[in-house]
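Student:
Numbering (the numbering used here), first residue to last: 10 to 393.
Encoded structure:
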């Protein structure tokens, strides 16, 4: 058999050259598809993997096992198939694997958009091994959330959703999913940080939960759970230099997922929001003094999305990085100080003002560049 026909490639969807990848795994099959399907079924039938830190106490071990018993029946294995043309103009099935979790007994399932994007067919395997066809109810590509629907012959167990607004750094974090196709693998860590921002192919993903619970390809769309067995996030991306976990994973807060999911189920689509197209952070008086800036409040623009509304209006991001109070900051970009003559004092306020507008609205932006106050008009874009 030729080497060409016997290869299976795991591909990660790259987000940044620095190593951020979406935690979905993709398999390209040729004429040996059935052989590899058999191998994956053998993997899937193995005992459940529970990875618990060596220093975990007996009490913590019992807690983790109880959480697993509560949540794992609600976790599903998702296989999506897209039909692609290869170099020889032959149709080749491209198969993606990921995770998801059941949110209602009648078969609504939440997963990442990148797990099912472009799929012609979607299959969902339940905890008992039953495999069902799934339909796409709707998706929010910008926030990487998708809702699937299956028609089960009986009521299904559903997860209990927590409150991600109550999370604190250091809390226990338990990830359940299907890394590399291994069903319902459990890994344990803590919440390492909150409100993280990463750049994705769709733009900026903000307010993410960072965890050191091991997340690998195939974990995408699986739940991140607290010590009470409540879902607090949906695993979506990892920072890696090798394609595997190095202890830096990211999850979408469940409150955000919940809001998006409710809108998709009720309307079948996501409302379009106004979009400025920047990534920035709040300028504090301490940082302003350190940098010798003429203003003490505003929003420092660290990154401008190429082709976005801000870039088209001439706004600039930063080009230099510094460490300030143990935090890596990008400096040198414009500092937004006003929107329509309303003073801007924080990134939170800026987001709120932009969200009060509609796509296509024109706003006046005041900003500091080279220690001078300048103005530009921005036609807000559309994001979902």
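For every residue, glycine included, the Cβ atom is placed at its ideal position computed from N, Cα and C. From a predicted model like this one, the values you see are computed outputs, not experimental measurements.
Residue 85: which of 181, 186, 178, 130 sits nearest, CA to CA?
Tutor: Position 76 of the chain shown, counted from the start, is the residue given in the question as residue 85. The candidate whose alpha carbon is nearest that of residue 85 is 186.
Student: Quick check: the segment 151–158 against the segment 253–268, are there 3 or more CB pairs under 8 Å?
Tutor: These segments touch.
Student: Please report the straight-line C-alpha distance between residue 143 and residue 76, rounded to a whole angstrom.
Tutor: The residue labelled residue 143 in the question sits at position 134 within the chain shown. The residue labelled residue 76 in the question sits at position 67 within the chain shown. Residue 143 and residue 76: Cα-Cα distance of roughly 27 Å.
Student: Just the Cα atoms here: how many angstroms apart are residue 387 and residue 366?
Tutor: In the chain shown, residue 387 corresponds to position 378, counting from 1. In the chain shown, residue 366 corresponds to position 357, counting from 1. One C-alpha to the other measures close to 12 Å.
Student: Rounded to whole angstroms, what's the CA-CA distance from residue 260 to residue 382? Just pull it up for me.
Tutor: Taking the chain shown and counting its residues from 1, the one referred to as residue 260 is at position 251. Taking the chain shown and counting its residues from 1, the one referred to as residue 382 is at position 373. If you take the alpha carbons of residue 260 and residue 382, they lie about 38 Å apart.
Student: With DSSP run on the structure shown, which of helix, strand or coil describes residue 297?
Tutor: As a working mapping, residue 297 is identified with position 288 in the chain shown. Residue 297 falls in the helix class under three-state DSSP.
Student: Residues in the same chain with beta-carbon distance under 7 Å from residue 68, minus the five sequence neighbours each way, listed in chain order, please.
Tutor: Counting from 1 along the chain shown, the entry for residue 68 is found at position 59. Cβ neighbours of residue 68 beyond the five flanking positions: none.
Student: Taking Cβ to Cβ, would you say residue 213 is nearer than 9 Å to residue 246?
Tutor: Position 204 of the chain shown holds residue 213. Position 237 of the chain shown holds residue 246. Not a contact, by the Cβ cut-off of 9 Å.
Student: Apart from the five residues just before and just after residue 320, which ones in its own chain have a Cβ nearer than 7 Å to its Cβ?
Tutor: Within the chain shown, the letter at position 311 stands for residue 320. The residues are 286, 313, 314.
Student: Buried or exposed: which applies to residue 74, given that a residue is buried once 16 or more other Cβ atoms fall within 10 Å of its Cβ?
Tutor: Within the chain shown, numbered from 1, the residue matching residue 74 stands at position 65. The residue in question, residue 74, is exposed, as its Cβ has fewer than 16 Cβ neighbours within 10 Å.
Student: Under the three-state reduction of DSSP, which class applies to residue 311: helix, strand or coil?
Tutor: Translated into the one-based positions of the chain shown, residue 311 becomes position 302. If DSSP states are grouped into helix, strand and coil, residue 311 belongs with the strands.
Student: Let me check one thing: in DSSP terms, what residues is residue 68 bridge-paired to?
Tutor: As a working mapping, residue 68 is identified with position 59 in the chain shown. DSSP, once it has assigned bridges, lists no residue as partnering residue 68.
Student: Where do the N-terminal and C-terminal ends of the alpha helix (DSSP H) with residue 338 fall, by residue?
Tutor: For the purposes of this step, residue 338 is taken as residue 329 along the chain shown, with counting starting at 1. No alpha helix (DSSP H) holds residue 338; the beta strand (DSSP E) holding it covers 336–340.
Student: What does DSSP give as the partner residues of residue 88 in its beta bridges?
Tutor: Taking the chain shown and counting its residues from 1, one reaches residue 88 at position 79. Bridge partners of residue 88: 106, 132.
Student: Measure from the alpha carbon of residue 115 to the alpha carbon of each residue in 166, 138, 128, then state which is nearest.
Tutor: By one-based count along the chain shown, residue 115 stands at place 106. Nearest of 166, 138, 128 to residue 115, Cα basis: 166.
Student: Should the segment 319–333 be regarded as contacting the segment 341–356, the criterion being three or more beta carbon pairs within less than 8 Å?
Tutor: Yes, since at least three Cβ pairs between the segment 319–333 and the segment 341–356 fall closer than 8 Å, the two stretches touch.
Student: For residue 258, which of 273, 229, 274, 168 has the nearest alpha-carbon?
Tutor: Here residue 258 corresponds to residue number 249 of the chain shown, with the count starting at 1. When each option's Cα is compared against that of residue 258, the closest is 229.
Student: Tell me the rounded alpha-carbon separation between residue 339 and residue 220.
Tutor: Indexing the chain shown from 1 puts residue 339 at position 330. Indexing the chain shown from 1 puts residue 220 at position 211. Going from the Cα of residue 339 to the Cα of residue 220 covers about 23 Å.
Student: Between which residues of its own chain and residue 204 is the CB-CB distance below 8 Å, once the five residues before and five after are set aside?
Tutor: As a working mapping, residue 204 is identified with position 195 in the chain shown. Result list for residue 204: 215, 216, 217, in chain order.
Student: Smallest Cα separation from residue 311: which of 292, 301, 302?
Tutor: As a first step, residue 311 must be located in the chain shown, where it is residue number 302. When only C-alpha atoms are compared, the closest one is 292.
Student: Report the three-state DSSP secondary structure of residue 161 (helix, strand or coil).
Tutor: Within the chain shown, numbered from 1, the residue matching residue 161 stands at position 152. Coil, per DSSP.
Student: State the start and end residues of the unbroken beta strand (DSSP E) segment that holds residue 144.
Tutor: Here residue 144 refers to the residue found at position 135 of the chain shown. It spans 144–149 - the beta strand (DSSP E) in which residue 144 sits, taken as one unbroken run.
Student: Going by DSSP, name the residue or residues bridged to residue 197.
Tutor: In the chain shown, residue 197 corresponds to position 188, counting from 1. Paired residue(s): 183.
Student: Taking the alpha carbon of residue 329 as the point to measure from, which residue in 275, 277, 309, 235 has its own alpha carbon closest?
Tutor: Here the question's residue 329 lines up with position 320 in the chain shown. Per the Cα distances, 309.
Student: Between which two residues does the alpha helix (DSSP H) harbouring residue 353 extend?
Tutor: Counting from 1 along the chain shown, the entry for residue 353 is found at position 344. Careful: residue 353 lies outside any alpha helix (DSSP H) and carries neither H nor E.
Student: Whole angstroms is fine: what's the gap from residue 198's alpha carbon to residue 363's?
Tutor: Locating residue 198 in the chain shown gives position 189, counting from the first residue. Locating residue 363 in the chain shown gives position 354, counting from the first residue. Near 36 Å, if we compare the C-alpha coordinates of residue 363 and residue 198.
Student: Closest to residue 337 by C-alpha separation, out of 375, 119, 80, 296, would be which residue?
Tutor: What you label residue 337 is simply residue 328 of the chain shown in a count that begins at 1. It is 296.
Student: Rounded to whole angstroms, what's the CA-CA distance from residue 135 to residue 156? Just pull it up for me.
Tutor: Here the question's residue 135 lines up with position 126 in the chain shown. Here the question's residue 156 lines up with position 147 in the chain shown. When rounded, the distance between both Cα atoms is 16 Å.
Student: Just to confirm the assignment, what range does the alpha helix (DSSP H) spanning residue 265 have?
Tutor: The residue labelled residue 265 in the question sits at position 256 within the chain shown. Residues 263–276.
Student: Using only alpha-carbon positions, find the residue among 79, 104, 333, 88 that is nearest to residue 298.
Tutor: Within the chain shown, residue 298 is the residue found at index 289, counting from 1. Residue 333 is the option with its Cα nearest to residue 298.
Student: Determine the closest residue to residue 201 out of 327, 179, 192, 183, with distance taken between C-alpha atoms.
Tutor: As a working note, residue 201 is residue 192 in the chain shown. Checked all of 327, 179, 192, 183; the closest Cα to residue 201 is 179.
Student: Residue 288: buried (16+ other C-beta within 10 angstroms of its C-beta) or exposed?
Tutor: Looking up residue 288 in the chain shown gives position 279. So residue 288 ends up on the buried side.
Student: Please report the straight-line C-alpha distance between residue 161 and residue 283, rounded to a whole angstrom.
Tutor: One-based indexing of the chain shown puts residue 161 at position 152. One-based indexing of the chain shown puts residue 283 at position 274. C-alpha separation (whole angstroms): 38 Å.
Student: Can you give the Cα-Cα distance for residue 223 and residue 196, rounded to whole angstroms?
Tutor: Here residue 223 refers to the residue found at position 214 when the chain shown is read from its first residue. Here residue 196 refers to the residue found at position 187 when the chain shown is read from its first residue. C-alpha separation (whole angstroms): 6 Å.
Student: Mind checking residue 138: buried by the 16 CB within 10 Å criterion, or exposed?
Tutor: Translated into positions along the chain shown, residue 138 becomes position 129. It is exposed - the Cβ of residue 138 has fewer than 16 other Cβ atoms within 10 Å.
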